[in-house]
Amino acid sequence: MNKRMIIILASLFAANLALAQTPASAGKDATPATAASGNCEASAVSKAGKPLYGAAKAAFIKKCEGENKPATADKSTQQSKMAMCNKDATGKKGAERKAFMKDCLSK
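Those letters in the sequence shown? Residues -20 to -1, 1 to 87, by mature numbering (1 follows the signal peptide of the UniProt record, and there is no 0).
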């Protein structure tokens, strides 16, 4: 009876270790930033083909992630939109300008 119990527990423990080694959703839940950093990490090699280490690797990854950053609707795009609408609104005054700006910025 004790031998059977030990064998069952050992097999459950081994199965648990085997399943815990590879998470099923590792590739599916990766965010773009995580995926980009993984690509940057993998491509961090010197001109001679050797892997980079230390400060050189950190600088390479920082530069690589900056280049791979996805374009998002942030403050800079809102500022460019405001500049474009302001340029188009030249010559309009008062309520007419206010209505035009409201319509232009809502697009």
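Built from N, CA and C at the ideal position, the CB exists for glycine as well.
Same chain, Cβ closer than 8 Å to residue i, neighbours up to 5 away in sequence not counted
{"i": "ALA69", "result": "ARG77, PHE80, MET81 and CYS84"}
Cα-Cα separation, residue i to residue j
{"i": "SER26", "j": "LEU32", "result": "6 Å"}
{"i": "ALA75", "j": "MET62", "result": "18 Å"}
{"i": "SER(-10)", "j": "ALA24", "result": "41 Å"}
{"i": "ILE41", "j": "SER60", "result": "29 Å"}
{"i": "LYS30", "j": "ILE(-13)", "result": "47 Å"}
{"i": "GLU47", "j": "ALA28", "result": "23 Å"}
{"i": "ASN19", "j": "GLU45", "result": "9 Å"}
{"i": "GLU21", "j": "THR57", "result": "30 Å"}
{"i": "ARG(-17)", "j": "GLY34", "result": "52 Å"}
{"i": "LYS67", "j": "LYS37", "result": "45 Å"}
{"i": "ALA(-6)", "j": "ALA39", "result": "42 Å"}
{"i": "PHE(-8)", "j": "ASN(-19)", "result": "16 Å"}
Residue i versus the options, residue with shortest Cα-Cα distance
{"i": "MET64", "options": "GLU47, PHE(-8) and LYS87", "result": "LYS87"}
Own chain residues within Cβ distance below 7 Å of residue i, not counting five before or after
{"i": "ILE(-15)", "result": "none"}
{"i": "LYS72", "result": "PHE80"}
Residues of its chain near residue i, where Cβ-Cβ distance is below 6 Å and the 5 sequence neighbours each way are ignored
{"i": "SER5", "result": "The predicted model places SER5 with a pLDDT of 46, which falls under 50 and marks its position as unreliable; any figure quoted below should be read in that light. Nothing listed; no residue qualifies."}
- Completely contained alpha helix (DSSP H) runs for the segment 12 to 86, where each covers 4 or more residues: 12 to 22, 34 to 47, 55 to 68 and 74 to 86
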